[in-house]
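The next block holds one structure in the form of structure tokens; read it before the comments.
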Amino acid sequence: MPPAMADILDIWAVDSQIASDGSIPVDFLLPTGIYIQLEVPREATISHIKQMLWAQIHNYPMFNLLMEIDSYMFACVNQTAVYEELEDETRRLCDVRPFLPVLKLVTRSCDPGEKLDSKIGVLIGKGLHEFDALKDPEVNEFRIKMRKFSEEKIQSLVGLSWMDWLKQTYPPEHESSILENLEDKLYGGKLIVAVHFENCQHVWENNNPFQIVLVKGNKLNTEETVKVHVRAGLFHGTELLCKTIVSSEISGKNDHVWNEPLEFDINTCDLPRMARLCFAVYAVLDKVKTKKSTKTINASKYQTIRKSGKVIIEKAAEIASSDSANVSSRGGKKFLAVLKEILDRDPLSQLCENEMDLIWTLRQDCRENFPQSLPKLLLSIKWNKLEDVAQLQALLQIWPKLPPREALELLDFNYPDQYVREYAVGCLRQMSDEELSQYLLQLVQVLKYEPFLDCALSRFLLERALANRRIGQFLFWHLRSEVHIPAISIQFGVILEAYCRGSVGHMKVLSKQVEALNKLKTLNSLIKLNAVKLNRAKGKEAMHTCLKQNAYREALSDLQSPLNPCVILSELYVEKCKYMDSKMKPLWLVYNNKVFGEDSVVVMFKNGDDLRQDMLTLQMLRLMDLLWKEAGLDLRMLPYGCLATGDRSGLIEIVSNSETIADIQLNSSNVAAAAAFNKDALLNWLKEYNSGDDLDRAIEEFTLSCAGYCVASYVLGIGDRHSDNIMVKKNGQNHKKNKGNETPFVFQLFHIDFGHILGNFKSKFGIKRERVPFILTYDFIHVIQQGKTGNTEKFGRFRQCCEDAYLILRRHGNLFITLFALMLTAGLPELTSVKDIQYLKDSLALGKSEEEALKQFKQKFDEALRESWTTKVNWMAHTVRKDYRS
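Position 18 (the sequence shown) corresponds to 18 in UniProt numbering; numbering is contiguous.
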């Protein structure tokens, strides 16, 4: 074993002080109370270890009290701190990885439920005992309902023929008085509030002002000498329902006791069901109120006051039965024209009070003539008026179904009403599996806006995931990649549990993927530790030695790719595997692909980088490609796979047979500084593989893809564009020159690495390094014009493709804004507020006429041409640095 290998072995083995022969000390606890320690091979199977133990037991007291060996199995505390029985004795010890090297010999259990719970806990990375320990009625109720739902799904598959099972699994693509204590951590402390109502038959008959009692605060993070007060507000989405209330100022050491009633200027009957009670705590210094520490508390307990949905809807119908008659004055042509202008605005546009009044007054016109106006109607309603809310709920029941793309907006934080969200999900049911996959990233994010675990959206996602394993796999990873976040850990955890219970057959596939990713994370972590001690050659050799171990080889072979369940990662081509030079040392993994007959499949594993922004950008590129193709324009886009699988970790698909612009330029020049200015390098590279008509075809492919990425990078504001993150892929026969009847090469330009979007361009010393709206260098133009300076026809066609592509995207501008808005809760560094989305509104020129928008784009196109020399200067600096590093 090489000297460095002790550092590259499994962390569990290192912590267990692995011996030079690969053995580790394990403590065995017997049912007789006897304790034995043995040195066992870390790669030994559980069955082999049991045989080793049995051979030693004869030498210890009370052996005669034990039953036959097959009557026992080992148990341990696993990685998630959950008791696990190791029933599968073909597993190796290094794969089990117990929390401590302690194995307990226990009588075989026959409760399959406990075994399944243990397996689910390991798979989702969260022990199910954590859910039990909460003793939360809502959590318990949801888990019970979902277990029944999952069992029914499994039962529906029993008895199906193999073909029918395949089609099912892989389809061709009353309220009483309430008293609740609301407690939440507040800077290490706790705020206790009592929410209560006068005893009445129905909440909507309670015409008394809504009142709470502020009880006390424990261990608030304030100085002992200061006074503290609390500000309370009622919100529906982002709308403040009434004036905020401020408590009296009190002081205290550990406890701040108010016992003070706070009355709001809104009647209880007028509270919408999804109202949120929020608090902020302030410290007061020298009678000048200065904000010291604040914390918003999501009072989800309070939101259950209107849980009886059927009763509310019946009541709504009663109140709103005369709505159509009351709204007798329909809008004339003048009003309808004004209404249409308001409704055509993008989702970021603000409505003034008069406009909201007009929309609400003409709500019947909206339903009949402008059904797509529903989001703006919802923003115009007075949510603190019971009758208005009831009228809206009745209207929703007869509102035409919206196309799914338009209904997505209704799942935003601005629309918290349960019935609105149920209506939106009803519209989404029209989606095909392919379309649902396109928007799954956002649908998982907006689960965070749902006030209850059991909601229409979570049920919808589970239903579709259990009906299609491809959707199920991506739902699993989107949820699991964020299950470590405390605020959503329970919500995402119980949905993951529900999916696993309903798709037990899929668990084995997912477990294999989880095991492989754990191995890669371990290897990557140890490579980082060794980077300061080993040179690149020795580090690569040590990596190869590690990958050849049985534990790694078996864990990383024959698994479905998390990036694409249609791809089987068969066997590692170890000698071609490596790690990159960048800070996080991502792993470059090459697989022999035996399934589809391709030469290889390459994936990159990253640990330490948040891939979710890349996921979002690539999703937008796929959507653009789809919208262009729907309009009859194929721009040969190449949005490769990218998937976040954990906290700052995930996988990226490597596009085969591709080279960076930087490498193409460097290979054509002896001087790095001159490489970036060699306009013939790219064209000569294309000519090397094609000639005649084949060259024309290759240039056509390059031209279309260049147009697509020019428009896409401009619209999305993609920054940090240099010659190492713009690449060209060769599609065709693997030969140097095209001969005879062999298939010629075609070339697609594509971009990678999307660390900067929405106009967040790089600068140095306060000077912008990127001065162009998108990358259009003269060497690109030289290829487009086929090397002929005066070939205006080819360049004119390229320009027309860019303009057509831009106008197509602009017609779907609201969809792009909606999708980015739905991602605000993801916590991406460059997408934190609505202000960040303003870039999209500006780049798509929303609010302008199509003629004005096209004029703006033409100006940006000319600017990109005029300032392309600045791009070449940046590329030269990048190429020189790269050449110096190598």
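The C-beta atom is built at its ideal place from N, Cα and C for all residues, glycine as well.
Bear in mind the structure is a predicted one, so any value in this text is a computation, not a measurement.
- Annotation: Ser-833 to Ala-826 spans about 11 Å, alpha carbon to alpha carbon.
- Classified as exposed, His-58 has fewer than 16 neighbouring CB atoms from the shown chains inside 10 Å of its CB.
- Here Asn-593 is actually not in contact with Ser-649; their C-beta atoms are around 24 Å apart, not less than 8 Å.
- Val-783 is positioned such that its CB atom lies no closer than 7 Å to that of Phe-857.
- DSSP places Glu-223 in no alpha helix (DSSP H); its state is neither H nor E.
- Annotated three-state conformation of Phe-754 is coil, per DSSP.
- Separation of the CB atoms of Leu-776 and Ala-864 is rounded to 4 Å, and the pair is thereby assigned contact status at 8 Å.
- Distance between Ala-631 and Ile-808, taken at the CA atoms: about 7 Å.
- When the beta-carbon positions are compared, Ala-337 and Phe-279 stay at least 7 Å from each other.
- For Gln-560, the closest alpha carbon among the candidates Val-532, Lys-585, Met-507, Arg-612 is that of Met-507.
- Residue burial is scored here from C-beta neighbours: Tyr-439 has at least 16 other C-beta atoms within 10 angstroms and is therefore classed as buried.
- At the C-beta level, His-812 and Leu-627 come within 7 Å of one another.
- Under a 10 Å Cβ-count criterion, Asp-412 is classified as buried, with 16 or more other Cβ atoms of the shown protein chains found around its own Cβ.
- Within the DSSP bridge table, the entry for Val-122 names no partner.
- In the three-state scheme derived from DSSP, where H, G and I count as helix and E and B as strand, Asn-259 is classed as strand.
- For Val-40, DSSP records a beta bridge to Ile-24.
- Exclusion of the five residues before and after Asn-760 leaves Gly-717, Gly-719, Glu-830 as the residues of its chain whose Cβ lies within less than 8 Å of its Cβ.
- Here Cys-566 is exposed. Its C-beta has fewer than 16 other C-beta atoms within 10 Å.
- Inter-residue distance for His-484 and Lys-855 is about 48 Å (C-alpha atoms, whole angstroms).
- Its chain contains Ser-481 as the residues whose beta carbon lies nearer than 6 Å to that of Gly-646, once the 5 sequence neighbours on both sides are disregarded; these appear in chain order.
- For His-544, the three-state secondary structure derived from DSSP is helix.
- Burial check for Pro-586: the Cβ neighbour count within 10 Å reaches 16 or more, so the residue is buried.
- DSSP places Met-163 in the uninterrupted alpha helix (DSSP H) bounded by 162 to 169.
- If you check the CB distance, Thr-818 and Pro-347 come in under 7 Å.
- Contact between the stretch 422 to 439 and the stretch 125 to 143 is absent: fewer than 3 CB-CB pairs across the two stretches fall below 8 Å.
- Taking Asn-725 as reference, the option from Ile-654, Arg-469, Asp-694 with the minimal CA-CA separation is Ile-654.
- Rounded to the nearest whole angstrom, the CA to CA distance from Gly-539 to Glu-688 is 36 Å.
- Here Phe-74 is near Leu-86, since their CB atoms are less than 7 Å apart.
- Scanning the stretch 578 to 635 from its first residue to its last, the whole alpha helix (DSSP H) runs of 4-plus residues come out as 612 to 630.
- Distance check between Leu-547 and each of Pro-562, Lys-576, Gln-350 places Lys-576 closest, using alpha-carbon atoms only.
- Residue burial annotation: Thr-238 is exposed, with fewer than 16 other C-beta atoms found within 10 angstroms of its C-beta.
- Taking a 10 Å sphere around the C-beta of Ala-133, we find fewer than 16 other C-beta atoms and assign the residue as exposed.
- A straight-line Cα-Cα distance of about 24 Å links Cys-642 and Val-746.
- Taking the Cβ atoms as the reference, Ser-251 lies roughly 14 Å from Val-230, outside the contact range of under 8 Å.
- Taking the Cα positions, Ile-398 is about 37 Å away from Ala-487.
- Phe-28 is positioned such that its CB atom lies closer than 7 Å to that of Leu-53.
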